[in-house]
Amino acid sequence: MTDIFSIANRVLKIAEEEGADHCEVYIMNRNKTDYTFEVKAGKKTFNGISSTIRGIAIRAAKGGKLGFGYGSDFSEEALRFTIRSVLSVAEETQGFEGFTTPKTVSEVKGTYDDETANLSIEKAMELIDLFEDSIKGVNEDILILESSLRHCVISTVIVNTAGVEVEEKGTYIGIGTTLSVKGKEKITYPFNSSRRTMNSLDLEKLGETAANDVLRLTEKKSIETGDYEVILSPKVLAELLSYSFTTSLCADQVQAKLSVLEGKVGEKIASEKLTLYDDGTYEEGLYTTKFDDEGTPTQKTLLIEKGVLKGFLYDSITANIDNVESTGNCVRWEPPTWDVFFARSFSCRPRVWMSNLVIEPGSKKLDELVGEISKGLFLLNIFSGFTMSPSGDFNLPVVHGYIIEKGEITGAIKEATIQGNVFETLKGINAVGADIDIVIPDSTSGSLISPHIRLEKLKVISAD
Amino acid sequence: MKDVLERAVDKAMELGAEYADVRVQRTYSNTIRIVNGRVERTIPSVELTASIRVLKGTWGFSSLTSISETDLLEAVDKAFKTAKVGAERIPEPVKIKEVKPVEDKVRLGDIQDPREIPIEEKMEIIFECDKAARSIDARIVRTDYNYSDSVKEKYFCSSEGSYIEEIIPFTELRIVVVAREGEVIQQTIGRIAASAGQELMAYADPLEVSERLAQDAVKLLSAKSPPSGRYPVVVDNGITGLIALSTGLMTSAYFALMPESELGSFAGKLGQKVCSEAITLTDDPTSAGMPVIFHYDEEGIAAEPVNMIESGVLKTYIHSRETAYKFNAEPRGHSRAPNALFQPKPIVSNAIIKSSDLSFEELIEDVKEGIYLRGVVGATIGRIIQCTTMMGYRIVNGEIGEPLKGATFIVDASKDLFNVDAVANDFDVLPLRLIEGDKFYPVSGGGPHMKFKELKIGG
Chain S
1 MTDIFSIANR VLKIAEEEGA DHCEVYIMNR NKTDYTFEVK AGKKTFNGIS
51 STIRGIAIRA AKGGKLGFGY GSDFSEEALR FTIRSVLSVA EETQGFEGFT
101 TPKTVSEVKG TYDDETANLS IEKAMELIDL FEDSIKGVNE DILILESSLR
151 HCVISTVIVN TAGVEVEEKG TYIGIGTTLS VKGKEKITYP FNSSRRTMNS
201 LDLEKLGETA ANDVLRLTEK KSIETGDYEV ILSPKVLAEL LSYSFTTSLC
251 ADQVQAKLSV LEGKVGEKIA SEKLTLYDDG TYEEGLYTTK FDDEGTPTQK
301 TLLIEKGVLK GFLYDSITAN IDNVESTGNC VRWEPPTWDV FFARSFSCRP
351 RVWMSNLVIE PGSKKLDELV GEISKGLFLL NIFSGFTMSP SGDFNLPVVH
401 GYIIEKGEIT GAIKEATIQG NVFETLKGIN AVGADIDIVI PDSTSGSLIS
451 PHIRLEKLKV ISAD
Chain Y
1 MKDVLERAVD KAMELGAEYA DVRVQRTYSN TIRIVNGRVE RTIPSVELTA
51 SIRVLKGTWG FSSLTSISET DLLEAVDKAF KTAKVGAERI PEPVKIKEVK
101 PVEDKVRLGD IQDPREIPIE EKMEIIFECD KAARSIDARI VRTDYNYSDS
151 VKEKYFCSSE GSYIEEIIPF TELRIVVVAR EGEVIQQTIG RIAASAGQEL
201 MAYADPLEVS ERLAQDAVKL LSAKSPPSGR YPVVVDNGIT GLIALSTGLM
251 TSAYFALMPE SELGSFAGKL GQKVCSEAIT LTDDPTSAGM PVIFHYDEEG
301 IAAEPVNMIE SGVLKTYIHS RETAYKFNAE PRGHSRAPNA LFQPKPIVSN
351 AIIKSSDLSF EELIEDVKEG IYLRGVVGAT IGRIIQCTTM MGYRIVNGEI
401 GEPLKGATFI VDASKDLFNV DAVANDFDVL PLRLIEGDKF YPVSGGGPHM
451 KFKELKIGG
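Sequences listed follow chains S and Y, in order.
Read in the working numbering, the first sequence has 111 at position 111, and its numbers run on one by one without any break.
Read in the working numbering, the second sequence has 285 at position 285, and its numbers run on one by one without any break.
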């Protein structure tokens with residue numbers, strides 16, 4: 001890392017030479033490897049990709065005006081050119097009072113592992129075999145259309161003229177598959193799971209879960225349009241919560257008067273069953289880091305307690321405007337940037353966004369959640385929620401889900417769309433599960449760490 | 001540049017590769033965001049991306065953000081090893097269609113390099129647009145202009161002796177206008193883009209677009225919610241473009257090799273009817289003024305227009321060298337990648353549904369009770385296209401009636417594409433971003449107004 005620090009400090013020096021009063025340098029290095037086996041025209045094919053991406057982002061201020069720029073060219077000329085450009089486009093920025101000052105970074109656990117970082121291609125092939133074997137072990141009729149394994153090491157360095165000099169290194173590993181069943185080839189089931197270290201990715205269990213899911217999805221049945229009691233998987237919940245809802249929790253949106261939650265702190269906005277945090281320190285969380293993207297220590301921030309809105313997410317600039325402390329939610333992300341592990345990039349200007357959204361688990365086992373429903377649905381996966389309007393209205397096709405009758409899963413949903421409003425939906429939570437999964441939404445940054453939850457009713461439109 | 005790239009492909013061949021290519025892309029860009037008439041940000045950047053692709057039984061691919069010889073040669077080693085290990089685990093080696101090597105340098109031509117235009121000049125146009133939009137009505141509470149221009153310098157070098165340099169500009173303006181009255185908030189979205197410099201402003205009139213978006217946003221404040229159910233539906237050029245894009249993706253041989261995949265519906269359908277005969281679908285990466293333009297694709301093959309669907313019949317797929325070998329077809333320059341960090345695959349660039357000679361009035365004259373949908377807010381595409389539109393109108397007895405708020409509609413490609421009744425004689429194109437996981441491709445879709453006998457609308 002020393003060479004990265006020396007580059008970063010060199011940039012601070014150049015900024016000073018170019019007349020900057022304040023400067024912040026962010027350097028991210030991402031080493032990612034991805035192996036995919038895919039069946040094409042009936043034959044297994046292989047694709048192996050490795051990438052090493054290093055980029056730099058610079059924020060610099062002169063005379064109270066703040067500018068931002070980025071690049072991946074580390075030559076002295078390019079760096080100087082970027083600083084000059086940054087200073088020339090700097091703008092008055094309300095709330096900017098200088099960069100973050102040094103504080104003790106947060107303690108985090110389970111975010112780095114040498115073995116995961118240095119996984120060889122031979123070992124990766126063994127892991128894929130293990131995963132595929134656990135799928136085939138459940139039922140020989142299951143077809144594996146695709147299986148993939150990827151791992152990644154991300155190193156981040158932030159230095160600024162206020163004295164911050166921090167670094168961090170994290171690992172990520174994930175498995176994915178697309179399954180079908182002989183004779184039912186029209187049904188395909190994509191399944192993915194990502195964790196921070198090899199040991200926390202239980203390949204045998206994941207293979208079995210995916211296999212059992214696809215077997216249960218083969219009995220497709222039509223349903224009637226109507227209101228149903230429904231169980232939402234963590235994945236479905238991630239799609240519903242990660243767009244309009246998350247946006248309305250960000251202080252910049254509140255300050256711009258674009259959040260429907262503006263002025264509602266202390267009010268009941270959701271079912272009392274719901275307690276929600278943003279937690280950048282969550283053990284083994286995919287978005288767990290020691291500090292946020294401007295060097296502020298991450299923390300656990302209570303957002304909703306038993307249905308009552310408790311606060312919003314802040315970075316240093318929005319915190320200055322409201323005269324509060326940053327919650328460590330400065331995030332370098334903007335749409336459509338996405339990544340299977342960690343959707344942040346040097347190319348995105350810092351803003352306020354979630355890290356790990358955490359729903360506090362309840363006491364009911366998944367079996368109980370299902371068992372208590374006389375007529376309902378269990379949604380496994382829906383279309384991405386990114387088309388959702390700022391008001392939170394959604395109208396999203398169900399990708400996969402089960403039909404529940406008299407407390408038992410009796411089939412799979414053939415074709416349906418769910419309709420509603422996210423903010424209204426949260427008021428109708430009637431039970432929260434005891435299980436926990438770590439999932440990521442399809443089109444945004446951040447992860448959701450959540451149990452299954454159950455809604456009293458949700459409007460479901462049959463496509464037949 | 002050429003020397004270092006040649007040394008990289010030579011190294012791959014020395015290791016025992018059957019084929020290797022290396023791509024480099026340097027992108028200079030500027031984005032300007034102006035919110036409510038105030039410059040909210042200006043972001044300059046210079047991004048460098050490179051990759052090496054090695055064929056040894058199968059593909060090995062390694063990408064990086066450096067073009068130092070040491071880093072490139074290390075990437076060659078990694079790519080070669082990956083291919084070698086992977087090839088041992090698959091039943092059939094990958095082959096690619098033979099092509100003739102090309103040496104060429106494609107320059108900007110008549111296009112003015114956006115890097116040479118002072119930033120103040122660019123901002124001036126946006127300020128004017130913003131003023132125009134906000135002066136429409138006091139209920140316009142927010143305008144958001146995202147302007148970006150870029151110049152891509154692309155380099156391609158292959159072990160077969162191809163060496164190509166191409167410089168491509170791209171300019172884009174995205175506009176969001178928000179109107180508010182009490183608790184009711186409505187927004188409208190506009191996009192204009194071209195592979196051009198400042199001349200973009202000549203292809204489309206940003207001032208006129210701004211005013212129209214503001215008028216529509218205000219109109220939406222008092223508009224009723226659209227009904228739910230199945231109706232005769234007429235869609236505007238942009239929505240036709242979205243459907244052209246989605247259908248165009250299904251004509252990619254890459255997806256056609258995977259019948260089970262989301263976009264694999266056209267597998268095994270060559271020569272068959274795949275949609276209504278009102279639809280003729282083309283992909284053309286070479287025509288001036290369109291959002292996406294390139295002369296050579298990411299495999300160094302000269303790009304040319306292809307008619308994939310003629311009067312509803314699937315005539316051909318679009319190919320990479322690998323799929324062209326499998327189908328015994330010719331690659332015609334449609335392999336794309338977001339930048340040099342990603343592998344090329346056949347993806348449409350500007351997917352266009354051809355216009356007819358029917359006027360818009362004639363198109364809707366026999367609709368007794370229907371819906372006219374306008375503007376794409378966002379969409380998910382695949383076998384099922386799910387699209388949120390900006391606004392709508394009722395059609396009553398062949399006439400446009402009262403305005404409606406944005407609706408969501410769903411197109412099931414396997415059924416609804418056969419339900420297209422007719423298309424009109426007008427034409428417009430919608431620049432879009434095709435997002436697939438961590439990849440995003442600039443694309444566009446275009447065509448005339450299009451009428452469905454029946455389509456499912458959700459509230």
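For every residue, glycine included, the Cβ atom is placed at its ideal position computed from N, Cα and C.
Check                                                                                                                                                                  : Outcome
Using a threshold of 7 Å, is the CB atom of Leu281 (chain Y) nearer than that to any non-hydrogen atom of the ligand NAP?                                              : Questions concerning the ligand NAP fall outside what the structure shown contains, since it holds no ligand whatsoever.
Along the chain, where does the beta strand (DSSP E) containing Pro442 (chain Y) start, and where does it finish?                                                      : 439 to 447
Counting only C-beta atoms, is Gln272 (chain Y) closer than 8 Å to chain S at any point?                                                                               : no
Please name the residue in Y:Pro227, Y:Phe440, Y:Ala214, Y:Lys84 whose C-alpha comes closest to that of Thr337 (chain S).                                              : Y:Phe440
What residue range does the beta strand (DSSP E) around Phe409 (chain Y) cover?                                                                                        : 408 to 412
When DSSP labels each residue in this structure, what does Ser134 (chain S) get in the three-state scheme?                                                             : helix
So, at 8 Å on beta carbons, what are the nonlocal neighbours of Ala244 (chain Y) in its own chain, with the 5 sequence-adjacent residues on each side left out?        : Leu281, Ala351, Ile352, Ile353, Gly445, Gly446, Gly447
Would you please verify whether the beta carbon of Thr177 (chain S) is less than 8 Å from any beta carbon of chain Y?                                                  : no
Using a Cβ-Cβ cut-off of less than 8 Å, give me the residues of the segment 395 to 420 of chain S that come near chain Y, in sequence order.                           : Asn395, Leu396, Pro397, Thr417, Gln419
Taking all protein chains shown into account, decide if Pro346 (chain Y) is buried (16 or more other Cβ within 10 angstroms of its Cβ) or exposed.                     : buried
Helix, strand or coil, according to DSSP, for Lys331 (chain Y) in the structure here?                                                                                  : According to the sequence provided, residue 331 (chain Y) is Pro. The question's Lys does not apply to it. Coil, per DSSP.
Rounded to a whole number of angstroms, what is the C-alpha to C-alpha distance between Gly459 (chain Y) and Val141 (chain Y)?                                         : Unreliable placement is indicated for Gly459 (chain Y), whose pLDDT of 48 sits below 50; the coordinate value is still reported in the next sentence. Near 25 Å, if we compare the C-alpha coordinates of Val141 (chain Y) and Gly459 (chain Y).
Using a Cβ-Cβ cut-off of less than 8 Å, give me the residues of the segment 344 to 375 of chain S that come near chain Y, in sequence order.                           : Ser347, Arg349
Mind pulling the chain S residues with CB within less than 7 Å of Thr82 (chain Y)?                                                                                     : Gly48, Ser50, Ile121
Does chain S have any CB closer than 8 Å to the CB of Lys326 (chain Y)?                                                                                                : yes
Gly459 (chain Y) CB to nearest chain S CB: under 8 Å?                                                                                                                  : Confidence is the limiting factor: at Gly459 (chain Y) the pLDDT is only 48, short of 50, which leaves the residue's position unreliable, though a coordinate-based value still follows. By this cut-off, Gly459 (chain Y) is an interface position.
Using 8 Å as the Cβ pair cut-off and three pairs as the minimum, do the segment 75 to 85 of chain Y and the segment 438 to 458 of chain S touch?                       : no
Does chain Y have any CB closer than 8 Å to the CB of Phe68 (chain S)?                                                                                                 : yes
Pull up the distance between the alpha-carbon of Ile409 (chain S) and that of Phe96 (chain S), whole angstroms please.                                                 : 55 Å
Nearest to Glu183 (chain Y) by alpha carbon, out of S:Ser72, S:Phe394, S:Leu258?                                                                                       : S:Leu258
For Met28 (chain S), decide whether its Cβ has a neighbour in chain Y, counting only Cβ atoms nearer than 8 Å.                                                         : no
Taking Val22 (chain Y) as the reference, which of Y:Ser29, Y:Glu165, Y:Lys122 has the closest Cα?                                                                      : Y:Glu165
How about Ser45 (chain Y): is its C-beta nearer than 8 Å to some C-beta of chain S?                                                                                    : yes
Straight-line CA distance for Gln187 (chain Y) to Glu262 (chain S)?                                                                                                    : 19 Å
Does any C-beta atom of chain Y lie closer than 8 Å to the C-beta of Met125 (chain S)?                                                                                 : yes
If you reduce the DSSP assignment to three classes, tell me which class Leu263 (chain Y) lands in.                                                                     : coil
Is it true that the CB of Val274 (chain Y) sits closer than 8 Å to the CB of Gly312 (chain Y)?                                                                         : yes
Based on the DSSP output, what are the partners of Ile168 (chain Y) in its beta bridges?                                                                               : Y:Lys152
Let me know if Asp133 (chain S) comes out buried or exposed under the rule of 16 or more other beta-carbons within 10 Å of its beta-carbon.                            : exposed
Taking the straight line between their C-alpha atoms, what separation do you get for Val439 (chain S) and Asp339 (chain S)?                                            : 13 Å
Tell me which residues share the same chain as Ala463 (chain S) and place their Cβ nearer than 7 Å to its Cβ, disregarding the 5 neighbours each side in the sequence. : Glu415, Ala416, Thr417
In chain order, what residues of the segment 368 to 379 of chain Y put their CB closer than 7 Å to some CB of chain S?                                                 : Val377, Gly378, Ala379
How big is the Cα-Cα spacing for Val396 (chain Y) and Glu454 (chain Y)?                                                                                                : 15 Å
Near Asp442 (chain S), what residues of its chain come up, given a Cβ to Cβ distance below 6 Å and the 5 sequence neighbours on each side ignored?                     : Ser384
Please report the straight-line C-alpha distance between Met258 (chain Y) and Thr45 (chain S), rounded to a whole angstrom.                                            : 11 Å
Under a CB-based cut-off of 8 Å, is Thr408 (chain Y) close to chain S?                                                                                                 : yes
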